[in-house]
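For reference, the structure discussed in these notes is given below.
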Amino acid sequence: MAFLGTAVWRVFGYRHPLGPLCRARCYSVQSEFTTEKSVPYAKTLKQEDGLSGPTKPLPRAADAVVIGGGSLGCQTLYHLCKMGMTNVVLLERDRLTAGTTWHTAGLLWQLRPSDTEVELLAHTRRVVSSELEAETGLETGWIQNGGLFIASNKQRLDEYKRLMSLGKVYGIESHVLSPAETKELYPLMNVKDLYGTLYVPKDGTMDPAGTCTTLSRAATARGAMVIENCPVTGIQVQTDHMGVRRVKAVETDFGTIETPCVVNCAGVWATKLGKMVGVNVPLIAMHHAYVVTERIEGIQNMPNVRDHDASVYLRLQGDALSVGGYEQNPIFWDEVSDKFAFSLFNLDWDVFMQHIEGAINRVPALEQTGIKSTVCGPESFTADHKPLMGEAPEVRGFFLGCGFNSAGMMLGGGCGKELAHWIIHGRPEKDMYGYDIRRFHHSLTNNNRWIRERSHESYAKNYSVVFPFDEPLAGRKMRKDPFHQVTFLSIIFFFYLSVCLPLLQEQGCVFQERHGWERPGWFHKEGPAPVLDYDYYGAYGIPTHSDYKYNQLLGKEYTFDFPPHHDTIRDECMTCRKAVAVFNMSYFGKFYLTGPDAKKAADWLFTADVNKAPGSTVYTCMLNEKGGTESDLTVSRLEPGPAHLPLTPESNGDAYYMAVGGGVAQHNWSHIRTVLQDKGFICTLTDHSEDMGMISIQGPKSRDLLQEVLDTDLSNEAFPFSTHKIVTAAGHKVRAMRLSFVGELGWELHIPKDSCLPVYRAVIDAGAKHGVRNAGYRAIDSLSIEKGYRHWHADLRPDDTPLEAGLAFTCKMKTSIPFLGRKALESQKAEGLRRRIVCFTIDEKVPMFGLEAIFHNGVPVGHLRRAEFGFAINKTIGYGYIRNPDGGVVSPDFIRSGEFTLERMGVVYKAKAHLKSPFDPENKRVKGIYSTD
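Under numbering that gives the first Met the number 0, the first residue of the sequence shown is numbered 0, with each subsequent residue one higher.
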């Protein structure tokens with residue numbers, strides 16, 4: 000038997016170089032010290048009897064067919080049945096758990112830096128720890144031994160304190176421990192290099208076989224069918240009278256099941272299943288490993304450990320430990336085999352040994368502990384380390400429940416419930432946008448380079464501190480607007496040469512990535528900081544970039560204090576407040592809605608009455624049936640006429656131009672298409688996002704600047720707020736809209752792609768005497784929250800209604816016009832609001848970023864969704880939804896009464912609650928009314 004310490008010496012003593020990325024798989028060496036490959040569970044569902052053929056006859060039809068018998072498949076089946084859909088079938092190609100679930104570590108940690116994930120994990124815990132056993136009388140194998148997060152530096156402990164504060168809102172017990180207290184809790188732990196730890200007593204461990212067996216029995220008891228040994232060979236799709244592709248049936252070698260709904264829970268095989276119907280499933284398979292030790296004296300009853308800085312976890316396994324983690328050079332499994340069931344790979348010790356080294360440092364007793372077995376199996380990983388869920392945009396009735404990044408067991412209960420609700424009711428109950436397949440633009444979901452790079456980076460950074468202003472280095476420069484790069488025609492040595500020179504980049508733009516787009520984040524004062532091609536952090540023999548300025552700037556932003564470039568963002572904000580700033584917002588989605596039923600569709604889709612006179616622009620929301628906000632956007636009504644694309648579509652009747660946030664454009668597009676299909680509206684929806692740029696000129700001097708550039712009168716009388724016109728700018732036709740997302744006098748210019756640069760240059764030249772400057776989205780974040788404007792998927796989400804969000808003014812409730820979600824809003828209005836968004840400010844100059852706990856008279860009532868520093872009011876400002884602890888209505892009197900406090904990383908601050916924005920509450924500035932003070 001070999002010991003872990005010996006293993007480190009052997010591997011590091013003769014380390015082999017890793018092969019290049021382009022090889023089918025990375026270099027692997029056979030272990031000299033153990034060849035035993037087995038999971039550490041007393042029970043698996045593997046059978047050696049060589050059964051062939053399905054375990055049950057296939058039904059002729061079903062309301063839904065779930066494909067894949069792992070954690071997500073079983074949880075989804077169970078929750079479908081609990082919600083009343085019992086004519087459902089689960090098909091598993093081998094036995095339950097045979098793919099990746101059977102070898103998973105099964106850890107459950109309750110605290111995550113996301114309120115939605117905390118709620119999902121809480122539901123999983125309830126299901127496996129109590130509900131299933133109460134329903135079936137069967138044990139699932141749940142063990143509550145607690146969880147311990149290790150912090151080796153202040154930033155890491157600050158992250159844990161943020162989690163602790165959020166946990167108080169949800170009643171999750173947790174404690175920040177000193178090194179001495181940690182040693183008392185876990186005597187075998189080395190605490191000499193610790194800064195502190197976070198202890199969560201009710202974390203625990205799940206058993207894959209026990210959980211999935213119990214789930215399947217509970218589902219079949221309610222009428223579901225579980226059929227094993229039945230691979231799916233095809234999925235039939237039919238096209239309806241509107242040209243919409245819909246699921247029709249599931250094919251196997253043993254029969255066909257007619258169904259309108261397929262749920263793809265096939266794990267690493269989900270991509271192949273998607274290809275059967277032309278659905279992109281952007282995940283990638285990688286080797287993921289842990290080792291199981293021999294018995295360790297004194298380890299019994301210890302909590303599970305996550306040492307994020309060492310990128311290692313230690314899972315209690317009776318009187319032993321399972322040791323695993325996330326490395327920077329994972330092995331890709333490029334040729335996924337259909338025959339891989341209850342199978343494991345040989346462990347590549349060159350790749351894995353970094354985890355052994357970290358584990359020995361944390362628990363020194365491991366150095367003299369033997370390795371009992373190795374577990375190296377496939378897992379599916381995604382571009383942002385989040386699952387893929389929801390209805391695929393390519394085919395109606397084809398749902399995804401895959402890509403769980405080795406977290407399928409702990410997220411399975413919560414996600415299975417939400418997916419079941421999605422299937423039955425058309426939407427999940429919670430805000431699941433972060434998991435929704437529609438969060439990715441369609442141009443990315445079949446881009447192999449983007450999927451591979453981003454999935455690698457997400458894997459490698461899985462245990463990194465989650466900082467507020469982090470940006471990916473992988474998969475960049477996929478979509479660039481006209482302002483990112485400019486082409487000049489030069490004459491050199493009598494030859495015409497097209498030379499590409501950066502525009503905004505040359506001016507010091509530090510870009511952010513959203514939806515594949517490069518958008519301006521802020522402007523660095525010390526020159527260009529270009530984004531370079533991804534270097535895989537030096538893995539696979541790829542050289543790391545030296546003197547990578549963009550990466551260095553990101554690194555300086557990695558803090559929970561005010562970032563080093565706080566003053567730069569302040570200058571951008573205050574230039575907008577006092578003079579004029581130019582924002583490049585070209586990444587926005589730009590859609591046209593035309594056709595015979597365009598007016599009917601607009602009335603049903605949009606909460607506001609957008610059918611005003613042509614030339615009007617309206618800020619509005621789109622809702623789901625429950626009244627939750629699926630989008631906020633502007634809708635402009637157009638004059639009918641011939642096409643002059645991209646500025647105007649052809650229309651003989653009603654036509655609308657929609658501008659939506661670029662980071663959620665695919666979500667908006669899919670939502671609109673789905674509603675049009677469900678209602679049978681005869682409309683044409685066209686996307687011109689790539690054909691136009693968009694700049695926003697904002698500030699007290701914006702009118703003076705633009706009056707020199709545009710050929711139209713910009714006075715309040717001639718060009719009122721919330722109107723638009725086709726005008727000429729520097730000899731080019733553009734659509735000018737008088738709008739603001741920052742609370743100032745200003746206009747947006749929507750510009751055909753080929754006209755962007757001359758218009759931009761004219762704006763900058765005219766603005767020189769007015770002190771114009773470029774500004775980015777970090778400034779927009781601050782300016783908009785200061786004014787009280789919402790950001791969708793921050794302080795406005797699908798689980799928030801406009802009434803709760805303070806956006807009742809966007810809803811045409813005083814008219815008789817029906818719209819999607821209206822009935823839910825009418826009911827909510829009649830009953831009174833049980834939750835409501837509130838603005839908070841604090842006097843102390845400390846940063847907040849969201850997730851800070853909100854207390855009313857010492858009782859937790861919510862958490863901040865979004866927070867920034869407001870430079871004009873010189874205060875930290877945040878917005879969060881609060882509840883009445885008594886369960887009653889959250890009235891203005893409730894908000895005015897009592898004392899509010901905010902908890903930031905364990906420290907409590909007195910807060911002032913505001914019913915209106917503290918900045919320009921009378922909305923004078925957007926009207927061009929400025930005081931002379």
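From the three backbone atoms N, C-alpha and C, an ideal C-beta is built for every residue, glycine too.
Next item on the list: From the DSSP output, in three-state form, read off I928 for me.
Entry: By one-based count along the sequence shown, residue 928 stands at place 929. Of the three classes helix, strand and coil, the one that applies to I928 here is coil, per DSSP.
Next item on the list: Find out if the Cβ-Cβ distance for the pair Y289, A104 is shorter than 8 angstroms.
Entry: The sequence position of residue 289 within the sequence shown is 290, counting from 1. The sequence position of residue 104 within the sequence shown is 105, counting from 1. Yes, the Cβ-Cβ distance between Y289 and A104 is below 8 angstroms.
Checklist line | Environment of P920 [buried if 16+ CB atoms lie within 10 Å] | finding: Along the sequence shown, one-based indexing puts residue 920 at 921. When all chains shown are included, P920 counts as exposed.
Margin query: Distance check for D383 and G18, CA to CA, integer angstroms please.
Written below: Here residue 18 is taken as the residue at index 19 of the sequence shown, counted from 1. Here residue 383 is taken as the residue at index 384 of the sequence shown, counted from 1. Its pLDDT being 28, under 50, G18 is placed unreliably by the model, and the measurement read from it follows with that caveat. Going by the C-alpha atoms only, they are around 25 angstroms apart.
Check: From E505 to D764, what distance separates their C-alpha atoms?
Finding: Position 506 of the sequence shown holds residue 505. Position 765 of the sequence shown holds residue 764. When rounded, the distance between both Cα atoms is 17 angstroms.
Notebook entry, point to check: If A459 sits next to Q327, beta carbons under 8 angstroms apart, how far is it from one beta carbon to the other, in whole angstroms?
Noted result: In the sequence shown, residue 459 corresponds to position 460, counting from 1. In the sequence shown, residue 327 corresponds to position 328, counting from 1. Right, their Cβ atoms sit about 4 angstroms apart.
Next item on the list: May I ask you to report which of helix, strand or coil DSSP gives S336?
Entry: One-based indexing of the sequence shown puts residue 336 at position 337. Here S336 sits in coil by DSSP.
Check: What residues match up with C508 in a beta bridge as DSSP calls it?
Finding: By 1-based counting over the sequence shown, the position of residue 508 is 509. Answer is F522, bridged to C508.
Margin query: On the DSSP letters alone, give me the boundaries of the alpha helix (DSSP H) that S70 sits inside.
Written below: Taking the first residue of the sequence shown as position 1, residue 70 is located at position 71. Element bounds for S70: 70-81.
Item checked: Beta-carbon gap between T900 and A910 smaller than 8 angstroms -> The sequence position of residue 900 within the sequence shown is 901, counting from 1. The sequence position of residue 910 within the sequence shown is 911, counting from 1. Cβ distance < 8 angstroms, so T900 and A910 count as in contact.
Check: What did DSSP end up calling G692 once you bin it into helix, strand or coil?
Finding: To locate residue 692, count along the sequence shown from 1; it is residue 693. Here G692 sits in strand by DSSP.
Next item on the list: Within its chain, find whatever has a CB closer than 6 angstroms to the CB of K36; leave out the 5 residues flanking it on each side and keep chain order.
Entry: In the sequence shown, the residue the question calls residue 36 occupies position 37. Closer than 6 angstroms at the Cβ level, and outside the excluded window around K36, lie L343, T373.
Check: DSSP state of P917, grouped into three classes?
Finding: The count along the sequence shown starts at 1 and reaches residue 917 at position 918. Three-state DSSP puts P917 in coil, outside helix and strand.
Notebook entry, point to check: Taking Cβ to Cβ, would you say I872 is nearer than 8 angstroms to E785?
Noted result: By 1-based counting over the sequence shown, the position of residue 872 is 873. By 1-based counting over the sequence shown, the position of residue 785 is 786. Yes, these two residues count as a Cβ contact at 8 angstroms.
Notebook entry, point to check: Helix, strand or coil: which one does DSSP assign to H240?
Noted result: One-based indexing of the sequence shown puts residue 240 at position 241. Three-state DSSP puts H240 in coil, outside helix and strand.
Margin query: Once DSSP output is grouped into helix, strand and coil, what is the label at D954?
Written below: The structure shown does not extend to residue 954, since the chain is modelled only from 0 to 932, so the question has no answer here.
Check: Leaving out the 5 sequence neighbours to the left and right, which residues in its chain are closer than 6 angstroms to P302 when beta-carbon positions are compared?
Finding: Taking the sequence shown and counting its residues from 1, one reaches residue 302 at position 303. Once the five neighbours on either side are set aside, the close Cβ partners of P302 are N144, G145, G146, L147.
Next item on the list: Helix, strand or coil for N610, going by three-state DSSP, please let me know.
Entry: Along the sequence shown, one-based indexing puts residue 610 at 611. Here N610 sits in coil by DSSP.
Notebook entry, point to check: To the nearest angstrom, how far is it from the Cα of W8 to the Cα of K371?
Noted result: As a working note, residue 8 is residue 9 in the sequence shown. As a working note, residue 371 is residue 372 in the sequence shown. The predicted position of W8 is uncertain, since its pLDDT is 44 and thus under 50; a value taken from the coordinates is nonetheless stated next. Spanning the two alpha carbons is a distance of roughly 18 angstroms.
Next item on the list: Give the range of the alpha helix (DSSP H) segment to which S630 is assigned.
Entry: Counting from one through the sequence shown, the residue named residue 630 turns up at place 631. Run containing S630: none in the alpha helix (DSSP H); it sits in the beta strand (DSSP E), 628-636.
Notebook entry, point to check: CA-CA distance, E183 and I436?
Noted result: Reading the sequence shown from its first residue, position 184 is the one you call residue 183. Reading the sequence shown from its first residue, position 437 is the one you call residue 436. The alpha-carbon atoms of E183 and I436 are separated by roughly 45 angstroms.
Checklist line | Delimiting residues of the alpha helix (DSSP H) encompassing V65 | finding: Here residue 65 refers to the residue found at position 66 when the sequence shown is read from its first residue. Unbroken run through V65 is the beta strand (DSSP E), 63-66; no alpha helix (DSSP H).
Margin query: Does M409 come out as helix, strand or coil in the three-state DSSP assignment?
Written below: Within the sequence shown, residue 409 is the residue found at index 410, counting from 1. In this structure, M409 counts as helix in the three-state DSSP scheme.
Check: What alpha helix (DSSP H) runs, 4 residues minimum, are completely inside the segment 245-303?
Finding: 269-274
Check: Where S695 and L748 are concerned, what is the direct C-alpha to C-alpha distance, given to the nearest angstrom?
Finding: The count along the sequence shown starts at 1 and reaches residue 695 at position 696. The count along the sequence shown starts at 1 and reaches residue 748 at position 749. The straight-line gap from Cα to Cα measures roughly 6 angstroms.
Notebook entry, point to check: Should P377 and V280 be called a contact, given that it needs their Cβ atoms to be closer than 8 angstroms?
Noted result: If you number the sequence shown from 1, residue 377 lands on position 378. If you number the sequence shown from 1, residue 280 lands on position 281. Cβ distance not < 8 angstroms, so P377 and V280 don't count as in contact.
Next item on the list: Look up Q367 in the DSSP assignment and say whether it is helix, strand or coil.
Entry: To locate residue 367, count along the sequence shown from 1; it is residue 368. Of the three classes helix, strand and coil, the one that applies to Q367 here is helix, per DSSP.
Next item on the list: Scan the segment 160-234 and note each continuous beta strand (DSSP E) run of 3 residues or more that stays entirely inside, going in chain order.
Entry: 174-176, 195-199, 224-226
Notebook entry, point to check: Which residue comes first and which comes last in the beta strand (DSSP E) that contains I881?
Noted result: Against the sequence shown, residue 881 aligns to sequence position 882. 874-882 is the span of the beta strand (DSSP E), which, as asked, contains I881.
Check: With a CB to CB cut of under 7 angstroms and the five nearest residues on each side skipped, what residues in its chain are close to K476?
Finding: Residue 476 sits at position 477 when you count from the first residue of the sequence shown. Closer than 7 angstroms at Cβ, skipping near neighbours: E517, V530.
Item checked: Reduced DSSP category for Q143 - H, G, I as helix; E, B as strand; rest coil -> The sequence position of residue 143 within the sequence shown is 144, counting from 1. In the structure shown, Q143 sits in coil (DSSP, three-state: anything other than H, G, I, E or B).
Notebook entry, point to check: When the Cα of D308 is compared with those of K153, R448, V127, L418, which residue comes out closest?
Noted result: Taking the first residue of the sequence shown as position 1, residue 308 is located at position 309. Distance check between D308 and each of K153, R448, V127, L418 places K153 closest, using alpha-carbon atoms only.
Next item on the list: Hey, could you find the ends of the beta strand (DSSP E) W746 is sitting in?
Entry: For the purposes of this step, residue 746 is identified with residue 747 of the sequence shown, where counting begins at 1. Its beta strand (DSSP E) spans residues 745-751.
Next item on the list: Specify, as a first and last residue, the run of the alpha helix (DSSP H) that G324 falls within.
Entry: What you label residue 324 is simply residue 325 of the sequence shown in a count that begins at 1. It is not in any alpha helix (DSSP H) - G324 instead sits in the beta strand (DSSP E) that spans 319-324.
Checklist line | Where A265 falls, given that 16 or more other Cβ within 10 Å makes a residue buried | finding: In the sequence shown, counting from the first residue as 1, residue 265 sits at position 266. By the 10 Å Cβ count, A265 comes out buried.
Note to self: If you reduce the DSSP assignment to three classes, tell me which class Q327 lands in.
What the structure shows: Residue numbering aside, residue 327 sits at position 328 when the sequence shown is read from its first letter. Residue state, collapsed to three classes: coil.
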